[in-house]
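With the sequence shown counted from 1, adding 279 to any position gets you the numbering used here.
Where is the CB? At the ideal position from N, CA and C, for every residue including glycine.
Because the structure is a prediction, the values reported are computed rather than measured.
Notes for the one structure printed next.
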Amino acid sequence: MRYFFLVFALIVVLVVSFFGFRGEKFSSTPLRLFPDMDDQDKIKSQTPSDFFSDGMGARKPVAGTVPRGFADGSSYSYGNSTDYVHTGRFGDAYGDGMPKSIGFNVKTAAGILRHGKERYNISCMPCHGESGNGKGAAAVIGIPIVPSLMNFPKEKYPDGQMFETISNGKGQMGGYGYNIPINDRWAIIAYVRALQSANSTAAK
Ligand code: HEC
280 MRYFFLVFAL IVVLVVSFFG FRGEKFSSTP LRLFPDMDDQ DKIKSQTPSD
330 FFSDGMGARK PVAGTVPRGF ADGSSYSYGN STDYVHTGRF GDAYGDGMPK
380 SIGFNVKTAA GILRHGKERY NISCMPCHGE SGNGKGAAAV IGIPIVPSLM
430 NFPKEKYPDG QMFETISNGK GQMGGYGYNI PINDRWAIIA YVRALQSANS
480 TAAK
């Protein structure tokens, strides 16, 4: 029995010296049999690193990088501007028509529409189709919920509302405000209106 207590005391001392008291914090890295991902090579922000030849941990953006929301090359599409050209709204109500700063008139219309067509074909056609009938490539591969843009005529769906849909998305459609510059969005709207009027003329 004497030996038992002796051995027991020894074990207690050993265990405590190895593992410490309950709740005690360690500063050294714990032993990990299966490290998973809690220990990994990384560079903390603002610290030096000998991994790169210039000794800096932080990297500069690759030349030509465009930050999200700065597709215009300005901070305009990102700011808190509340005017019509940036929001499609006058106060709480949607506006209609091209904003003045777009400079849409008889002389510029052809150029803006051509530009709008090019941008539409890049950003909208894959889903909404070349003619806006909602039968783009996405519908072909089986995404059936893309609506025809013919269902959103000016009378029901003012330009400002379309601007908001392009900028922020609607329902299942994501927003494109972060990568379609403001002027391009308005040019796309002008082109969608041209598609609609071509369609309504054809239908009569
Ligand atoms: C990735 C596919 C996709 C792309 C790209 C896309 N859309 Fe859509 N769009 C949709 C879907 C899906 C809906 C239906 C959303 C819903 O009702 O949930 C929709 C709805 C709309 C609507 C009606 C929204 C409403 O208020 O009901 C308009 C207008 C529209 N899109 C315009 C555009 C324009 C303009 C572009 C190009 C800038 C564009 N979309 C790009 C998929 C897309």
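Regarding I391 and the ligand HEC, is the C-beta to nearest heavy atom distance less than 7 Å? By 1-based counting over the sequence shown, the position of residue 391 is 112. No, the beta carbon of I391 sits no closer than 7 Å to any heavy atom of the ligand HEC.
Would you mind giving the Cβ-Cβ distance between A473 and L392, rounded to the nearest angstrom? I have them listed as a contact below 8 Å. Here residue 473 refers to the residue found at position 194 when the sequence shown is read from its first residue. Here residue 392 refers to the residue found at position 113 when the sequence shown is read from its first residue. 6 Å between Cβ atoms; contact.
When you measure from the CB of V425 to every non-hydrogen atom of the ligand HEC, does any distance come out below 7 Å? For the purposes of this step, residue 425 is taken as the residue at position 146 of the sequence shown. Flag set: Cβ of V425 near the ligand HEC.
Using the Cβ count rule (16 or more neighbours within 10 Å means buried), how would you classify A481? As a first step, residue 481 must be located in the sequence shown, where it is residue number 202. Exposed, by the Cβ-count rule.
In the DSSP assignment, what are the bridge partners of P222? Because the chain in this structure spans residues 280 to 483, residue 222 falls outside the shown range and cannot be described.
Sequence ranges, alpha helix (DSSP H) only - wholly within the stretch 412-445, length at least 4: With a minimum length of 4 residues, the continuous alpha helix (DSSP H) runs that stay inside the stretch 412-445 are 416-419.
Shortest alpha-carbon distance to G456 belongs to which of W465, N462 and I445? Translated into the one-based positions of the sequence shown, residue 456 becomes position 177. Cα-wise, what sits closest to G456 is I445.
Through-space distance from K379 to S402, alpha-carbon basis: Locating residue 402 in the sequence shown gives position 123, where the first residue counts as 1. Locating residue 379 in the sequence shown gives position 100, where the first residue counts as 1. Looking at the two C-alpha atoms, the distance is approximately 24 Å.
Alpha carbon of G395 to alpha carbon of R311, nearest angstrom: Here the question's residue 395 lines up with position 116 in the sequence shown. Here the question's residue 311 lines up with position 32 in the sequence shown. The straight-line gap from Cα to Cα measures roughly 58 Å.
Give me the Cβ distance between I322 and G336, rounded to the nearest whole Å; I'm assuming they're in contact under 8 Å. Counted from its first residue, the sequence shown places residue 322 at position 43. Counted from its first residue, the sequence shown places residue 336 at position 57. Contact holds; Cβ gap of about 4 Å.
Contact defined as beta carbons within less than 8 Å: I believe G439 pairs with G370. What is the distance between those atoms, to the nearest angstrom? Residue 439 sits at position 160 when you count from the first residue of the sequence shown. Residue 370 sits at position 91 when you count from the first residue of the sequence shown. 11 Å between Cβ atoms; not a contact.
Tell whether a beta-carbon distance below 8 Å holds between G411 and V341. Stepping through the sequence shown from its first residue, residue 411 is reached at position 132. Stepping through the sequence shown from its first residue, residue 341 is reached at position 62. Result no, Cβ atoms of G411 and V341 do not sit closer than 8 Å.
Hey, out of K304, A388, D320 and D329, whose CA is closest to W246's CA? Residue 246 lies beyond the stretch modelled for the chain, which goes from 280 to 483, so this question has no answer here.
Cα-Cα separation between H407 and Q475, rounded to whole angstroms: Along the sequence shown, read from residue 1 onward, the residue named residue 407 stands at position 128. Along the sequence shown, read from residue 1 onward, the residue named residue 475 stands at position 196. H407 and Q475: Cα-Cα distance of roughly 13 Å.
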